[in-house]
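Asks:
In the numbering used here, the protein residues as written are 7 to 243.
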C-alpha cells in the first residue's frame, strides 16, 4: 500500500509583502496621531493669543510692557518703580574692555608701583587706567597684595606685544612726569647762596683797585741824553 505526500500550497510572496505594507501604514498613522497630541501650539496661534490678551486704550493697541502703566481716565497714574543705584568703583567695567582676538597671541605682565605713584597713575575712579586703555587698547587692572611688610600695589597689563608696549610707554611717561615735578620742587626749595672763595695766603694782591697813569720817558736812555745835550748847545739869537 503506497501513500502519496499531501500537496500543501506555498504562500504567495506578494501577499506577504502586501500585508507588511498594510501593517506599516497602520503604525505610521498611529504614530502621527500620538505626535499630534503632544505637539505645542503653532507660532501663529500663540501670537494671536498674545495680541488678544493685550489691552486697548483709546482705539490703539497698548504694548504688553506698557499695559501696567496705563490707568483708566480719572485715576492717577501709578508711579514707576525706582531703579537701584549702581555704586561707582575704581575698576574698569568689563563692557568697556576691547574684545580680544583669538588668533593674536596675548601676554600678561605685572608691574609693582610705589605708594607715592599709585594715586597719580590710577587717578580718580580709575580714569588714569581708562586713559591708558584708550591709548593702548590693552586690559589694565590695579590690585593690592598684602604681605608681612604691608600692602603692595600692582598693575597687570594683558594684550599683544604692541598693546603692552604702548601701555608701558604711557605708564613710563606718567612716572617720569611725576618724578620730574618732585625733583624740581626739591631743587627750587633747597637753593643755597654762592660763597666767595678766599685768596691764597702767599698772594700780595690788594683788594683796592689802583689806576694806572702813562709815564713820561726818562732821560736815562742814551737817545734821550744826546737830544737834551744838542738842545742845550744851540745858540739863541
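The C-beta atom is built at its ideal place from N, Cα and C for all residues, glycine as well. Model, not experiment: these values are computed from the prediction.
Given a cut-off of 8 Å on the beta-carbon distance, is the pair residue 115 and residue 177 in contact?
Replies: no
Asks: With 16 as the cutoff for other CB atoms within 10 Å, does residue 26 come out buried or exposed?
Replies: Counting every other CB atom within 10 Å of its CB across the protein chains shown gives residue 26 a total below 16, marking it as exposed.
Asks: If you draw a straight line from the C-alpha of residue 165 to the C-alpha of residue 157, how long is it?
Replies: 26 Å
Asks: Tell me the DSSP secondary structure of residue 29 in three-state form.
Replies: helix
Asks: Using 8 Å as the threshold, is the C-beta distance between residue 173 and residue 163 below it?
Replies: yes
Asks: Considering only C-alpha positions, which residue in the set 151, 135, 145 and 112 is nearest to residue 118?
Replies: Scanning 151, 135, 145 and 112 for the CA closest to the CA of residue 118 turns up 151.
Asks: My assumption, with CB atoms under 8 Å, is that residue 159 sits in contact with residue 148. Please give the rounded CB distance.
Replies: 7 Å
Asks: So, are the CB atoms of residue 135 and residue 128 less than 8 Å apart?
Replies: With respect to the 8 Å criterion, residue 135 and residue 128 are classified as neighbours on the basis of their beta carbons.
Asks: Can you tell me whether DSSP reads residue 171 as helix, strand or coil?
Replies: helix
Asks: Tell me the rounded alpha-carbon separation between residue 36 and residue 19.
Replies: When rounded, the distance between both Cα atoms is 26 Å.
Asks: Can you tell me whether residue 125 is buried or exposed? The criterion is at least 16 other CB atoms within 10 Å of its CB, across all chains shown.
Replies: exposed
Asks: Can you look up residue 166 in the DSSP assignment and give me helix, strand or coil?
Replies: coil
Asks: Within 7 Å: the Cβ of residue 183 and any heavy atom of the ligand FAD?
Replies: Here there are no bound small molecules, and the ligand FAD is not part of this structure.
Asks: Look up residue 150 in the DSSP assignment and give the residues it is bridged to.
Replies: 159
Asks: Kindly indicate which three-state DSSP category residue 139 falls into: helix, strand or coil?
Replies: helix
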